[in-house]
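Chains A and B, in that order, give the protein sequences. First residue of the first sequence: 1, per the working numbering; consecutive thereafter. First residue of the second sequence: 1001, per the working numbering; consecutive thereafter. Just below is one structure, and these are the notes that go with it.
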Amino acid sequence: MKLTLKVWRQQEAGASGRFATYDVDGVTPDMSFLETLDLLNENLLARGEAPVAFESDCREGICGSCGFLINGVAHGGRPGTTVCQLSMRFFEDGDVLTLEPWRARAFQVIRDLIVERSAFDRIVQAGGFISVPVGSARDGNAILVQKESADTAFDAAACIGCGACVAACPNASAMLFTAAKLMHLNTLPQGQPQHHLRTLDMIAAMQNEHFGSCTNHGECEAVCPKGIPMEFIGSMNHDLITAMFRRRRERPPAPDVGKQPYHEIEETGSRSRNK
Amino acid sequence: MSAMLDGGIPSGPIEQKWGRCRFEMMLVNPSNRRKHSIIVVGAGLAGAAASASLGQQGYHVRCFSFHDSPRRAHSIAAQGGINAAKNYRNDGDSTFRLFYDTIKGGDYRSREANVYRLAEVSVNIIDQCVAQGVPFAREYGGLLDTRSFGGVQVSRTFYARGQTGQQLLLGAYQALEEQVGTGTVTMHTRSELLDIVIVDGKARGIVTRDLVSGRVSSHAADVVVLATGGYSNVFYLSTNAKASNCTAIWRAHRRGAFFANPCFTQIHPTCIPLSSEHQSKLTLMSESLRNDGRVWVPLKRGDKRPPNDIPESERDYFLERRYPSFGNLVPRDVASRATKEVCDEGRGVGPSGLGVYLDFAAAIARMSREQVDEKYGNLFDIYEKITGEDAHAVPMRIYPAPHYTMGGLWVDYHLMSTIPGLFVAGEANFSDHGANRLGASALMQGLADGYFILPYTIPDYIASNHLAAIDTSHPAFAAAEADVAERVRRLVGIRGKRSPDSIHRELGKTMWDLCGMSRSDQSLRRALAKVPELREEFWNDLRIVGSGEELNQTLEKAGRIADFLELAELMCIDALDRTESCGGHFRVESQTSEGDAVRDDEHFSFVSAWEWKGQNAPPELHKEPLAFEYVHFAPRSYK
Ligand SMILES: Cc1cc2nc3c(=O)[nH]c(=O)nc-3n(C[C@H](O)[C@H](O)[C@H](O)COP(=O)(O)OP(=O)(O)OC[C@H]3O[C@@H](n4cnc5c(N)ncnc54)[C@H](O)[C@@H]3O)c2cc1C
Ligand code: SF4
Ligand code: FES
């Protein structure tokens, strides 16, 4: 089959971009969407034009590298599918498709379809972990974990950090991503000691990264390739309220210079993790 | 030729070697640690674990990855599980048994002392990961669940659905990010190592290229660790992530690190067969599927009936038939070769005839569809996404694909290469799997290296060597930077006609056909003629559009392929030299009348470590003899 692709081309961060239109012939139903882009790039290279830059690595839906909008929908809109898993058998000869990078203030476009998602790493740095120096752990079976909790933690931990939730959200909010990490760690018994600090710190970090707030559109859940549910955001909000209440009753630890907590949390003076 | 290499194995009984070695190693005072800098290249399981652990100890760590985040490393894709000798099942497992299975599984081509240590620390890995919050599968009583995995008869594999690698990597990534947050580790993402810098015979730094701006820069340190993964992508089509490559270890090899057993590559039996000429990679179906799936082909060749129309009596469950005691669970190399044989006989299935069935009908009848889904649901989903077929209703089709490389940079017991100060961890080294790796053992090894071995051996190196303070103003850095910049200029300047991918595909096909699942004197000699021709073509006819001073993915690929084109030749040289069959290395000249591999312990019980002698000179072979004191040579039989 033959497709027409309108692809966002942008040389580098800050440069202005534009759509370029390309026809790709010889696409077969057993190809994947990224293999179609590979084919386009081979053609471009043969013509002496710069190939379209896009990210991918595992090409099996697990690394979270890939992702762009196809006709405005993150990952192309098939349930539970990243764009690298998207098969061409779902497209038809003559289709015209528009490909754009994630659009969000926190995700700068660095070339064509590639955006910078390091904001997610910074959210994790703020508290997305359980502090356990190597060598200090007890026997794995000394901690009993209810199967239900293990399963819920797993469902949340399945997030691949692709950023589709942010791209789909009209406010470019990172709530679903952050909620997934919190749900993973806050659900497990091992995660309890840092439960409140983690909640406050990660939410503060998220607020610092130019992500918008959540107004319950639900677009994030609809495009999430790993089926992370919106209800995790509800749990996160609940955790936040409990954490703010608990922390207020404690003596405020010294604030951590160098990090800028968001205003509400600043009042409670949390950021003691490094002390 | 052939100076003998010494792995520096500690003396004493095998159970005491690591303990004694740890005690004898020198320590660095906590207040001095911050003054020592360590570069870790790679943020997969091995690299992230090492960076986090060394950061926790207080060293000044800089971690480099070409990915945009450590969480993208190829380790994320591991599915099946991780081994540990916990014996939670009371089914006869022990450190010794895991050690024994690994030596035997590796076909007696690994070091006993290393493997024993791996088995010993395996239990600590599970503890560490559980404490970090890795959501391993649990039973209703709240205890950790395990399953059995290819090639062994105990249930020692811990797993997190079909995404064990993802969960373990997230654990290590989170520990790493915690250290980044506290400032002990600095993370350099989108930075690709393109050379190692040696000063006074020691590894003292690296040269990297920033993949966004194209800027080439140097970084100095006391120690350099490479944890850069394996080189299966030399075959172009493999189960590895697209960007996995050999550049870091190959650049180190060219600077003096010996390359061990390059021909030991693992072909995994259960992958989705190739379906289109544009296919860019192969997808693994976890080997855990062989626990409940039955492998078969039609008895008659050329039988094109749909699988469900073929009656039981006309099916050949060839693994169960040939290997009654292990059945579908024989190790990977054995299963892959048996699969290839039935396909070569013309009994393969699917459009290309390169496939066999993996059938769950019996498992669904025995358990229930729900129970089967609980174990394998996500794998059935992956299969359906790719092939459009429902494996509950029709058997899956599978075929072997390149998957893992046992070969890698030679390291001693401390995981140090032949370049002092250059340590190598994870799949990038050759250390523990001999000629064949058992399922669920790579994750174990990567984490063992990163969490439990390097954090001892690196401080010992720092404490026992006088490391003069240097920075990147040392002329060795300028020289290495100039080399890198020159190479980038040369690649961009070829201005020929062929795309990097087209050459890579051709290289991959050559290696798969001539140095793949079976190898012969003749095939290897043909490969040795072909690879240099391809290299010639690459350097004369490559096309890259754009420059080195921008984000340029074609250039990135080209640099990696240039290194694969050199490594491929060394793989063939090594395969030609080793005239025995062992593990994943099957020489057609060395087999029984029934087609089983024949090892030659008398002549080949050694590690082949190759030294680079320059572009136009043949590499020199060094041998490290392997002695087996605890596990005695026996033909590896799974009958
Ligand atoms: C599909 C699949 C399934 C698997 N399943 C299992 C399983 O169930 N059990 C098991 O035990 N094993 C499994 N394995 C094997 C296992 O996943 C790998 O061997 C292991 O994860 C390798 O880890 P690593 O840390 O050595 O390297 P990797 O995870 O490959 O990490 C390499 C790192 O190095 C960086 N890097 C590489 N080169 C450079 C460079 N030049 N400059 C800068 N950075 C660089 C990369 O960015 C990356 O961060 C599987 C493998 C595959 C392909
Ligand atoms: S929550 Fe879903 S959409 Fe958002 S980053 Fe995670 S996997 Fe991607
Ligand atoms: S390339 Fe890894 S998720 Fe798509």
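Ideal Cβ positions, reconstructed from N, Cα and C, are used throughout, including at glycine. Just so we're clear, the structure is a prediction, and the values are computed from it rather than from any experiment.
Inter-residue CB distance, residue i and residue j (contact presumed, cutoff 8 Å)
i, j, result
"G1181/B", "A243/A", "Not quite, the Cβ-Cβ distance comes to about 18 Å (not below 8 Å), so this is no contact."
"C159/A", "I228/A", "6 Å"
"D19/A", "V7/A", "According to the sequence provided, residue 19/A is Phe. The question's Asp does not apply to it. That pair is a contact at about 7 Å."
"Y1317/B", "V1334/B", "Between V1334/B and Y1317/B the Cβ distance is about 15 Å, and since that is not below 8 Å, they are no contact."
"V1207/B", "V1484/B", "5 Å"
"I1398/B", "P1273/B", "7 Å"
"S1155/B", "T1146/B", "5 Å"
"L1176/B", "A1052/B", "4 Å"
Residue-level contact to chain B via CB, residue i, 8 Å cutoff
i, result
"H196/A", "no"
"A254/A", "Below a pLDDT of 50, predicted positions are generally treated as unreliable, and A254/A, at 43, falls in that range; no measurement from the model is reported."
"F129/A", "yes"
"V132/A", "yes"
"D25/A", "no"
"A137/A", "yes"
"D30/A", "yes"
"T199/A", "no"
"R103/A", "no"
"T81/A", "yes"
"Y262/A", "Its pLDDT being 39, under 50, Y262/A is placed unreliably by the model, and nothing is read from it."
"E209/A", "no"
"D95/A", "no"
"A157/A", "yes"
"S16/A", "no"
"Q85/A", "yes"
is_contact[residue i, chain A] using C-beta, thresh 8 Å
i, result
"S1276/B", "yes"
"K1242/B", "yes"
"K1281/B", "yes"
"M1001/B", "The pLDDT assigned to M1001/B is 45, lower than 50, so where the model puts this residue is not dependable, and the model offers no usable value."
"R1138/B", "yes"
"Y1404/B", "no"
"R1117/B", "no"
"D1127/B", "yes"
"V1342/B", "no"
"D1210/B", "no"
"G1133/B", "yes"
Residue of the options minimising C-alpha distance to residue i
i, options, result
"A153/A", "D1222/B, A1137/B and L1534/B", "A1137/B"
"S32/A", "C63/A, L86/A and C66/A", "L86/A"
"G1019/B", "G1171/B, R1209/B, I1272/B and Y1413/B", "Y1413/B"
"R1097/B", "E1120/B, G1081/B, R1636/B and F1064/B", "E1120/B"
"T36/A", "D95/A, I62/A, S16/A and G72/A", "D95/A"
"K1385/B", "T4/A, C84/A, G72/A and M202/A", "C84/A"
"A1077/B", "S65/A, G76/A, A179/A and G72/A", "S65/A"
"P193/A", "R247/A, H217/A, F211/A and H238/A", "R247/A"
"G1058/B", "L1528/B, P1459/B, P1619/B and D1449/B", "P1459/B"
"D1200/B", "A1558/B, L1447/B, I1419/B and H1433/B", "I1419/B"
"Y1116/B", "V1152/B, K1104/B and V1488/B", "K1104/B"
Paired residues, beta bridge with residue i - DSSP
i, result
"N1083/B", "T1157/B"
"A1275/B", "Per the sequence shown, the amino acid found at residue 1275/B is Ser instead of Ala. S1275/B is not bridged to any residue."
"P1298/B", "R1315/B"
"H1622/B", "A1609/B"
"Y1108/B", "BP columns for Y1108/B are empty, so no partner."
Interface flag, residue i vs chain D, CB-CB below 8 Å
i, result
"E42/A", "The structure shown has no chain D; the protein chains it does contain are A and B."
Review point. Which of the residues in the stretch 49 to 66 of chain A, read from start to end, lie with their CB under 8 Å from any CB of chain B?
Key: E49, A50, P51, A53, E55, S56, D57, C58, R59, E60, G61, I62, C63, G64 and S65
Practice item. Any chance you could list the residues with Cβ under 6 Å from a heavy atom of ligand 5, keeping chain order? Key: This structure simply doesn't include ligand 5; it includes ligand 1, ligand 2 and ligand 3 instead.
Review point. Between the stretch 142 to 153 of chain A and chain B, which residues of the former have CB atoms less than 7 Å from a CB of the latter, in chain order?
Key: I143, L144, V145, Q146, K147, A150 and A153
Exercise for review: Give the residues from the stretch 1497 to 1522 of chain B that approach chain A closer than 7 Å (Cβ to any Cβ), ordered along the chain.
Suggested key: S1499 and D1501
Practice item. For the stretch 164 to 192 of chain A, enumerate the residues whose C-beta is nearer than 8 Å to any C-beta of chain B, in chain order. Key: H184, L185, L188, Q190 and G191
**Study point:** Contact list for the stretch 105 to 126 of chain A against chain B, Cβ threshold 8 Å
**Key:** I110, R111, I114, E116, R117, S118, F120, D121, V124, Q125 and A126
Exercise for review: Can you give me, in chain order, the residues of the stretch 1534 to 1562 of chain B that have a beta carbon less than 9 Å from any beta carbon in chain A?
Suggested key: R1543, I1544, V1545, G1546, E1550, L1551, N1552, Q1553 and T1554
Point to revise | Where the stretch 1437 to 1456 of chain B meets chain A: residues whose CB sits under 8 Å from a CB there | key: Y1451, F1452 and P1455
Point to revise | the stretch 1368 to 1389 of chain B: positions lying closer than 8 Å to chain A by Cβ | key: D1381, I1382, K1385, I1386 and G1388
Check your understanding: If you measure beta-carbon to beta-carbon, which residues of the stretch 1033 to 1060 of chain B are closer than 9 Å to chain A?
Key -> Only those residues of the stretch 1033 to 1060 of chain B whose C-beta falls short of 9 Å from the nearest C-beta of chain A are listed: A1049, A1052, S1053, Q1056 and Q1057.
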